[in-house]
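Just so you know, we're using the numbering used here here: the sequence shown kicks off at 93 and counts up by one.
For every residue, glycine included, the Cβ atom is placed at its ideal position computed from N, Cα and C.
What you are looking at is a predicted structure, and each value in this text was computed from that prediction instead of being measured.
Accompanying notes for the structure given below.
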Amino acid sequence: MNKEEFKIILEPEFYEDMAEDFDNGNLLYNPWTNVYIKINDNNFFKEECLDPKLRLGTGFYGPLYVFIEQLISLPYQLNKDGKVLYTDPEEQIYGALVFEKKGEHVIIADIDDNNWYKKEGVWYDGEKLVYSSPDKVPMSKNNVVEYDAFKKGCIEGVEDVLSKLVLKYPQIEYTSGYRNLKENFKKYKDL
């Protein structure tokens, strides 16, 4: 059997005052990022057809700092809680990624509503839209990955986006926002 690969890639929208925002804590609303997920080189979002305003079709779109924070602790939270919502707590976006651990595998799905846990909704499973209740995360051949590959992909995703930030703005490494991310990453990386 081939070894599974999982990648989560954050592509920030860089802007002139980005390092300053990382230093003064103005990070809930800016900057924004595209989030791409690949499972065995297949783009999870290739068939996406939820709300076009969110740029779905190629990836997920939302606030960078919040998504990095969530990505840092995602494997730990998944082990602890079994199901994790990956979204914007300020509800600036209408949608969420849901990760659920089943045995030694992780199921990834996209739901069109931040209130997914309250009612039935439209889910995307990497292939098609599925109408389902909140306790039944849909599975397909395109949204299941081994936990170890998932954890490795999350760690590499954080390392990648942090290095992109420093390459673009070397001074960002000395900001309080960046230091907080690095400290949390060290804390959760080996859990």
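Inter-residue Cα distance where the pair is residue i and residue j
i, j, result
"Y157", "Y223", "31 Å"
"I131", "F114", "31 Å"
"G218", "F152", "13 Å"
"K194", "F136", "19 Å"
"K220", "M231", "10 Å"
"K281", "E108", "30 Å"
"T267", "K279", "18 Å"
"D227", "E251", "32 Å"
"L273", "L283", "16 Å"
"G174", "G117", "31 Å"
"F277", "Y168", "11 Å"
"E112", "E265", "11 Å"
"E196", "K95", "14 Å"
"L177", "G187", "10 Å"
"N126", "P104", "6 Å"
Residue i - partner residues in DSSP beta bridges
i, result
"F191", "V176, I200"
"L102", "V127"
"G154", "T125"
"V258", "None; V258 has no bridge partner."
"V236", "I199"
"Y134", "The question names Tyr, yet the displayed sequence has Asn at residue 134. Paired residue(s): I131."
Under 8 Å between C-beta atoms of residue i and residue j
i, j, result
"F98", "V237", "yes"
"W215", "I199", "no"
"V102", "I160", "Per the sequence shown, residue 102 should be read as Leu rather than Val. It is a contact, given that the beta carbons lie within the stated cut-off."
"E192", "V229", "yes"
"Y128", "P155", "no"
Whole-angstrom C-beta distance between residue j and residue i, which should lie under 8 Å
i, j, result
"N171", "A201", "About 18 Å; that fails the 8 Å criterion."
"Y261", "M110", "6 Å"
Can you confirm whether the stretch 235-250 touches the stretch 158-168 when touching is taken to mean that 3 or more C-beta pairs between the two stretches lie within less than 8 Å? Short answer: they touch.
When the Cβ atoms of the stretch 235-244 are set against those of the stretch 255-266, are three or more pairs found closer than 8 Å? Touching, no.
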